[in-house]
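Chains as they are written, first to last, in the working numbering: chain A, 1 to 347; chain B, 1001 to 1255.
Okay, structure coming up:
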């Protein structure tokens, strides 16, 4: 595929946004109770008008389901997908490795450990009910990244695919055993340990959506501002230094932003694996590896991917619901093998 | 232009480069030669701030450690011996990265000057036709020319090369060295390169630095340094006799 533009054009933004919006509408319509598209749109329109102070929201069962249940969930799913995908794209650029992702490296597990510790030991901040889990999840995501990369650099400076995978596996196992120890001692506090290991956005609220939006603007924005530096890292860290990138500073900023995104996502939805691996990989085939195009495309692509995964999780065994992480991991494992095969063949 | 004073690089207890001092002036091409393990590449890596060192590296009299990375990149450009690319960036995208130091910042798109510099670099290295090709599909020689285009687009005053043609066929060797010689003709520029091929050093260098066991054995003009007096003890052989013997193999070839 030939690529000319070095950036994401306006019509590409519009196209990707339109597709994302369409999938969101579909996800709001479908569920245990299917709501016709026309009705959904009219409820959404009325809600939007109310938000702008120009009308009243609709009442009724459909409106209640949409506004209080489906819409916050769909928004949280979309933004979690976008955030995880963006974090994955940033890590793959930074480490110059298409297999790097929060779940393959074990960063998500680390963040989950932080969240579990916060719950088990009752760490909270006054006035902010879920800030304790979130801050510990972010902190542990960052610490995990430092440990994993520190180990990886020590063992193999070139950060080859094998090293990354091995360290990720070992670190995840280590973290999950720690998590199980904590669960054994604080079983009463953590009833749904599977939530952190499988991931679910079943009870996502408007408050969660607000936090995700804030994280996307803050951390996602910082990643967007470093698209050029990510291109340089994706060509090679030494090369980045030679062309004048402040390697240390940029790396630190990116590690913090990636930890921020993963930490927030994990504290809200548990560890939803492989989103950051699958979407940037697919999007890269579509728009190329230039991060000025890859980042915005990953943002929308991640939202669409997780929305569809959530839709499958909700509707496949209706009225039972699968954890969303099961669906993403099923797809992710296949894509992972595919990428691994291609990189091993020297692609 | 470049002045290196008492450069020392240690890995643990091992001293790889030991109090190395040398300097390069505009118009010069300094060839760093010596046997394997002499510390040539490590010394170059330290000069480009890629390895921790003690001592001083001065560019126009100013310590390079105090320079901002982008400012340093406008002074010195580096061409490595190997490039391992993972993603299918185009030739033009890789070359355009060379302009990073001139337009650092998110909103500064490629302005005319950047575009012209990249275009000139692609033309000069003969990669213009392949500008939209993925770097994953290039041959070793084409890949090296792509990164040469990047460093030309970077427009530094000093070019540092680490065995730039080590894995390349003769034809690419000749091309790359020829291109660098052309580049050097613009006043105010200089080149430092690590080479193990003494014939290349003699053919293209103006100055030479002979290293052994991390230290400078001799430095000066190419003719002075690449003499039996210095070479034979370092390589433990009669270097001139060997070179003549190699050349003689070609005398009787029918044309």
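Where a beta carbon is used, it is the ideal one built from N, C-alpha and C, also for glycine.
- In the structure shown, residue 1029/B falls within a strand segment according to DSSP collapsed to helix, strand and coil.
- Secondary structure at residue 1017/B: strand, using DSSP grouped into helix, strand and coil.
- The Cβ-Cβ distance between residue 1172/B and residue 1154/B does not fall below 8 angstroms.
- Residue 1112/B counts as exposed, since fewer than 16 other C-beta atoms from the protein chains shown sit within 10 angstroms of its C-beta.
- Between residue 1164/B and chain A, the shortest Cβ-Cβ separation is not below 8 angstroms.
- The Cβ of residue 1052/B sits no closer than 8 angstroms to any Cβ of chain A.
- The beta carbons of residue 1039/B and residue 1057/B sit no closer together than 8 angstroms.
- If you check each beta-carbon in the stretch 1059 to 1078 of chain B against every beta-carbon of chain A, the ones closer than 9 angstroms belong to 1068, 1069, 1070, 1071, 1072, 1073, 1074, 1076, 1077 and 1078.
- A contact is defined here as three or more CB-CB pairs under 8 angstroms, and the stretch 1127 to 1135 of chain B fails this definition with respect to the stretch 1184 to 1193 of chain B.
- Interface criterion met: the Cβ of residue 289/A is under 8 angstroms from a Cβ in chain B.
- At a C-beta separation below 7 angstroms, residue 232/A has these neighbours in chain B: 1097 and 1100.
- Taking a beta-carbon distance threshold of 8 angstroms, residue 238/A counts as an interface residue toward chain B.
- Looking at the backbone, the Cα of residue 1211/B and that of residue 78/A are separated by about 60 angstroms.
- For residue 253/A against residue 222/A, the beta-carbon gap comes to about 6 angstroms, under 8 angstroms, which counts as contact.
- Within the stretch 246 to 289 of chain A, the complete alpha helix (DSSP H) runs of at least 4 residues fall at 247 to 269 and 275 to 287.
- Using beta-carbon distances, residue 244/A counts as an interface residue toward chain B, with a partner under 8 angstroms.
- Spatial neighbours of residue 216/A in its own chain (CB-CB distance under 7 angstroms, excluding positions within 5 residues in sequence) are listed in chain order as 79, 82 and 83.
- The beta carbon of residue 37/A is closer than 6 angstroms to those of 29 in its chain, skipping five residues each way along the sequence.
- By the Cβ criterion, the stretch 94 to 102 of chain A is in contact with the stretch 269 to 282 of chain A, since at least three pairs of Cβ atoms, one from each stretch, lie closer than 8 angstroms.
- Every candidate beta strand (DSSP E) stretch fails here, since none sits fully inside the stretch 114 to 202 of chain A while reaching 3 residues.
- Against chain A, the CB of residue 1219/B has no partner CB under 8 angstroms away; the residue lies outside that interface.
- Nothing from the stretch 311 to 342 of chain A brings a Cβ to less than 8 angstroms from some Cβ of chain B.
- Any Cβ of chain B closer than 8 angstroms to the Cβ of residue 96/A would place that residue at the interface, and such an atom is present.
- Under the 8 angstroms criterion on CB atoms, residue 228/A is classed as interfacial with respect to chain B.
- Closest in alpha carbon position to residue 1089/B, among 218/A, 6/A and 242/A, is 6/A.
- Under the DSSP assignment, residue 1150/B falls in the alpha helix (DSSP H) whose first and last residues are 1140 to 1154.
- Spatial neighbours of residue 1074/B in its own chain (CB-CB distance under 6 angstroms, excluding positions within 5 residues in sequence) are listed in chain order as 1101.
- A contact between stretches requires three or more CB pairs, one per stretch, nearer than 8 angstroms, and the stretch 1004 to 1017 of chain B meets this requirement with the stretch 1047 to 1055 of chain B.
- DSSP assignment within the stretch 74 to 103 of chain A yields no whole beta strand (DSSP E) run of 3 residues or more.
- Per DSSP, the unbroken alpha helix (DSSP H) holding residue 42/A starts and ends at 37 to 51.
- Between residue 1152/B and chain A, the shortest Cβ-Cβ separation is not below 8 angstroms.
- Contact between residue 47/A and residue 57/A is confirmed by a C-beta separation of about 5 angstroms, below the 8 angstroms threshold.
- By the rule that beta-carbons nearer than 8 angstroms mark a contact, residue 283/A does not touch chain B.
- The criterion of a C-beta distance shorter than 8 angstroms is satisfied by residue 201/A and residue 324/A.
- Looking at the DSSP output, residue 1202/B bridges to nothing.
- Residue 258/A places its beta carbon less than 8 angstroms from that of residue 145/A.
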